[in-house]
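Report on the structure given below.
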Amino acid sequence: MRELLSFGLSGIVSADTMRVVDRNTDGCGVSAMQRMESAGAALAFAVRKENPSRVAILCGPGNNGGDGLCAARHLSADTDVMVYCCGEPKTVESRVQYAALAGCPVTIFSEPPPEIFSADVIVDALFGTGARLPLREPYAGLVSRMNTSGARIIACDVPTPGGRADRVVAFHLAKTPGAEVYGIGIPLAAEVFCGEGDLLLIPEKSAGSHKGSGGTVLVVGGGPYQGAPFLAGVAALRAGADIVRVASPSDGFMPDIIHERLSGNHVSKEHREHLVSLAEKSDAVVCGPGLGTASDSLSVCFDVVAAARKAVVDADLIRNPLPHARDGTIYTPHAGEFARIAGAAVPAGLFERGSAVRAAAAAANATIILKGPIDTISDGTRVRFNKTGAPGMTTGGTGDVLAGCTGGLLARMKPFEAACAAVYATGLAGGIADDEAGDGLLATDLLRHLAHTLYREE
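Quick note, the sequence shown lines up with residues 132 to 589 if you use this note's numbering.
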């Protein structure tokens, strides 16, 4: 694992990135309560550097406030501590921390008395990365009074919007420039391996959503392998796409899919104009499943991808020169296809494989999903690995399901984030199907479980 350190996160990270890491950490066996205890202890350590006589901690209702409550308990052993809770603690962890203060010499206020703002140090533990603007009362008033106080202000993880901070104490990674970063026991695996946290970035459909708001996906393929584009099409629907068109030269029919029947027995130049027009109207295109290697099929699909806003390029279409969509392209090669575009075999070691995929993705200016027992995903800068899956997924068609799922998510997500969510959820669906069917697993078995692995409610 140590050799993967160079693939870990660094610098300033977004709130969304930390949401992913936090949830993935749960899956690594480090609980939110453990992380809060470590964060609170680190915050108390940072506050003690000020040698304060009196400390006031402003706590919001979420886990940022829980960090503040935990810090209050640690500080109370040798410091005069006042806590103002702006609302009842709302999370399990923050409620536990609040209850733990009952046995500590800490003064807790339900209304902010003037003496709070005359403390030597004020800890801003109101919101953290969960803040939303504009601030409502009483938060706006608290921030105003905090700003005009003469106290040293230490922000917990990030300053509350509009609040000043003399120091920012961040946990695990910085979210703002100049922050002091303290480790809280988050393992490297939470950053470099895909997990349930990656699913948090999938946009939710709102109550006001209309047909098409979940994205329109075009799948182009078929010819030698007629079932492949339909597997991809259903997977795109299961991934949340509202409208899926499958353009293929077959007589297949599925009631949930709009079938654009192409003449002949393979994609050919006479279909170019129609397919390009469909691609231009789609949020994402999945091109290549079951396509075959006919030169006119490859040429037409190259133009289809070029006309697309975003695209997933799969199977026989993965060859040099690589086609590119306008706003983002994902290639989904297996080992042989990767060797074809990279000019070298896939390395055996995980670090070497990650480095090779990152280099190939950077050269292609795209995102690559290298499929294998451990999938490797890179956008040329970031590298992630995925361990979900099962031996039964070697059966034909599972790659088409992955391509379709990726396309369905790509219609409303950024390429790298869509790729990570897709490989994790598809592998998870494959694991469930493998438990049921073993060596008899079919690609269609994955489709039955895909929506559950993507959108299940815990």
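The beta-carbon is built from N, C-alpha and C at its ideal position, and this holds for glycine as well.
A quick note: this is a predicted structure, and the numbers were derived from the prediction, not measured.
Which same chain residues, not among the five before or five after residue i, have their C-beta less than 6 Å away from its C-beta?
{"i": "Thr-238", "result": "Met-213"}
{"i": "Asn-155", "result": "Ala-321, Gly-326 and Gly-328"}
{"i": "Gly-520", "result": "Gly-558 and Gly-561"}
{"i": "Ala-305", "result": "Ile-143 and Val-312"}
{"i": "Ile-389", "result": "Arg-376"}
{"i": "Asp-445", "result": "Gly-419, Pro-420, Thr-463 and Ala-534"}
Give every residue of the same chain whose Cβ lies closer than 7 Å to the Cβ of residue i, excluding the five residues on either side of it in the sequence, and list them in chain order.
{"i": "Pro-243", "result": "Tyr-215 and Leu-273"}
{"i": "Arg-435", "result": "Residue 435 is actually Val in this sequence, not Arg. Same-chain partners within the cutoff: Val-351, Leu-406, Val-407, Ala-410, Val-416 and Cys-418."}
{"i": "Ala-556", "result": "Leu-330, Cys-536, Leu-581, Thr-584 and Leu-585"}
{"i": "Ser-513", "result": "Reading off the sequence, residue 513 comes out as Arg, not Ser. Phe-547."}
{"i": "His-402", "result": "Leu-393 and Val-431"}
{"i": "Leu-578", "result": "Val-365, Ala-366, Arg-369 and Val-532"}
{"i": "Ser-207", "result": "Cys-235, Pro-236 and Val-237"}
{"i": "Lys-518", "result": "Phe-324 and Ile-505"}
Between the options, which lies nearest to residue i when the distance is taken from Cα to Cα?
{"i": "Phe-176", "options": "Asp-565, Leu-393 and Ala-203", "result": "Ala-203"}
{"i": "Gln-228", "options": "Val-375, Asp-153, Pro-192 and Phe-248", "result": "Pro-192"}
{"i": "Arg-298", "options": "Thr-291, Ser-379, Gly-309 and Leu-304", "result": "Gly-309"}
{"i": "Gly-527", "options": "Ser-413, Leu-573 and Ala-173", "result": "Leu-573"}
{"i": "Asp-382", "options": "Gly-354, Thr-525, His-205 and Ala-372", "result": "Gly-354"}
{"i": "Val-312", "options": "Gly-459, Arg-440, Gly-558 and Val-289", "result": "Val-289"}
{"i": "Val-252", "options": "Ile-188, Asp-153 and Cys-287", "result": "Ile-188"}
{"i": "Val-300", "options": "Ile-508, Glu-134 and Val-254", "result": "Val-254"}
{"i": "Arg-263", "options": "Ser-344, Gly-293 and Thr-279", "result": "Gly-293"}
{"i": "Gly-314", "options": "Ala-172, Leu-136 and Leu-135", "result": "Ala-172"}
{"i": "Gly-160", "options": "Gly-316, Pro-245, Val-178 and Val-151", "result": "Gly-316"}
{"i": "Asp-209", "options": "Arg-179, Thr-222 and Pro-269", "result": "Arg-179"}
{"i": "Ala-591", "options": "Asp-147, Ser-137 and Gly-197", "result": "Here the chain comprises residues numbered 132 to 589, so residue 591 is not present and cannot be evaluated."}
{"i": "Asp-414", "options": "Ser-344, Glu-391 and Ala-230", "result": "Ser-344"}
{"i": "Asp-211", "options": "Ser-280, Arg-185, Thr-222 and Lys-518", "result": "Arg-185"}
{"i": "Gln-357", "options": "Gly-395, Glu-181, Arg-267 and Asp-387", "result": "Gly-395"}
{"i": "Ser-241", "options": "Pro-265, Pro-269 and Thr-222", "result": "Pro-269"}
Please state if the CB of residue j and the CB of residue i are separated by a distance shorter than 8 Å.
{"i": "Ala-534", "j": "Thr-463", "result": "yes"}
{"i": "Met-167", "j": "Glu-224", "result": "yes"}
{"i": "Ala-363", "j": "Pro-420", "result": "yes"}
{"i": "Gly-523", "j": "Asp-570", "result": "yes"}
{"i": "Asn-195", "j": "Ala-256", "result": "yes"}
{"i": "Val-443", "j": "Ile-508", "result": "no"}
{"i": "Asp-437", "j": "His-455", "result": "The question names Asp, yet the displayed sequence has Ala at residue 437. The answer is yes: Cβ separation under 8 Å."}
{"i": "Gly-259", "j": "Cys-287", "result": "yes"}
{"i": "Val-348", "j": "Gly-539", "result": "yes"}
{"i": "Ala-550", "j": "Thr-498", "result": "yes"}
{"i": "Leu-541", "j": "Ile-461", "result": "yes"}
{"i": "Ala-495", "j": "Leu-453", "result": "yes"}
{"i": "Pro-334", "j": "Arg-150", "result": "no"}
{"i": "Phe-302", "j": "Ala-170", "result": "yes"}
{"i": "Ala-487", "j": "Pro-478", "result": "yes"}
{"i": "Leu-93", "j": "Leu-135", "result": "In the structure displayed, the chain extends from 132 to 589; residue 93 sits before or after that span and is not available."}
Near residue i, what residues of its chain come up, given a Cβ to Cβ distance below 8 Å and the 5 sequence neighbours on each side ignored?
{"i": "Arg-471", "result": "Ile-449, Arg-450, Asn-451 and Pro-464"}
{"i": "Ala-476", "result": "Ala-466 and Ala-470"}
{"i": "Pro-504", "result": "Gly-520"}
{"i": "Lys-545", "result": "Gly-459"}
How big is the Cα-Cα spacing for residue i and residue j?
{"i": "Ser-145", "j": "Phe-469", "result": "31 Å"}
{"i": "Ala-493", "j": "Asp-510", "result": "7 Å"}
{"i": "Gly-346", "j": "Val-377", "result": "14 Å"}
{"i": "Pro-183", "j": "Ile-247", "result": "13 Å"}
{"i": "Phe-433", "j": "Asp-427", "result": "10 Å"}
{"i": "Arg-295", "j": "Met-277", "result": "8 Å"}
{"i": "His-397", "j": "Ala-359", "result": "13 Å"}
{"i": "Pro-380", "j": "Gly-423", "result": "12 Å"}
{"i": "Phe-384", "j": "Asp-576", "result": "19 Å"}
{"i": "Gly-261", "j": "Asp-447", "result": "44 Å"}
{"i": "Leu-200", "j": "Arg-133", "result": "34 Å"}
{"i": "Val-250", "j": "Ile-284", "result": "Just to set this straight, residue 250 is Ala in the shown sequence, not Val. Using only the alpha carbons, I get a separation of about 10 Å."}
{"i": "Gly-139", "j": "Lys-400", "result": "45 Å"}
{"i": "Arg-440", "j": "Gly-530", "result": "22 Å"}
{"i": "Ala-233", "j": "His-205", "result": "13 Å"}
{"i": "Asp-566", "j": "Arg-587", "result": "18 Å"}
{"i": "Arg-515", "j": "Asp-153", "result": "16 Å"}
{"i": "Asp-373", "j": "Thr-148", "result": "27 Å"}
{"i": "Cys-190", "j": "Thr-525", "result": "52 Å"}
{"i": "Arg-484", "j": "Lys-336", "result": "36 Å"}
When you measure from the CB of residue i to every non-hydrogen atom of the ligand COA, does any distance come out below 7 Å?
{"i": "Asp-414", "result": "Here there are no bound small molecules, and the ligand COA is not part of this structure."}
Counting contacts by CB-CB distance shorter than 8 Å, is residue i in contact with chain C?
{"i": "Gly-539", "result": "Protein chain content of the structure displayed is limited to a single chain, and chain C is not contained in it."}
Item to check | Unbroken stretches of the alpha helix (DSSP H), 4 residues or longer, contained in the stretch 414-474 | outcome: Runs of the alpha helix (DSSP H) inside the stretch 414-474: 426-438 and 466-473.
Item to check | beta strand (DSSP E) runs contained entirely in the stretch 228-300, provided each spans 3 or more residues | outcome: 237-240, 252-256 and 283-287
Checklist entry - Considering only residues of the stretch 150-187, which uninterrupted alpha helix (DSSP H) runs meet the minimum length of 4 residues and lie entirely inside it, listed in chain order? => result 163-179
Next on the checklist: In chain order, what are the residue ranges of uninterrupted alpha helix (DSSP H) at least 4 long that sit wholly in the stretch 557-589?
Outcome noted: 574-586
Next on the checklist: Ignoring anything shorter than 4 residues, give me the alpha helix (DSSP H) runs that lie fully in the stretch 303-329, in order along the chain.
Outcome noted: 320-323
Checklist entry - Mind pulling the alpha helix (DSSP H) runs of 4 or more residues that sit fully within the stretch 523-561? => result 529-541
Checklist entry - In chain order, which continuous runs of the alpha helix (DSSP H) of length 4 or greater are located wholly inside the stretch 350-420? => result 358-369 and 403-411
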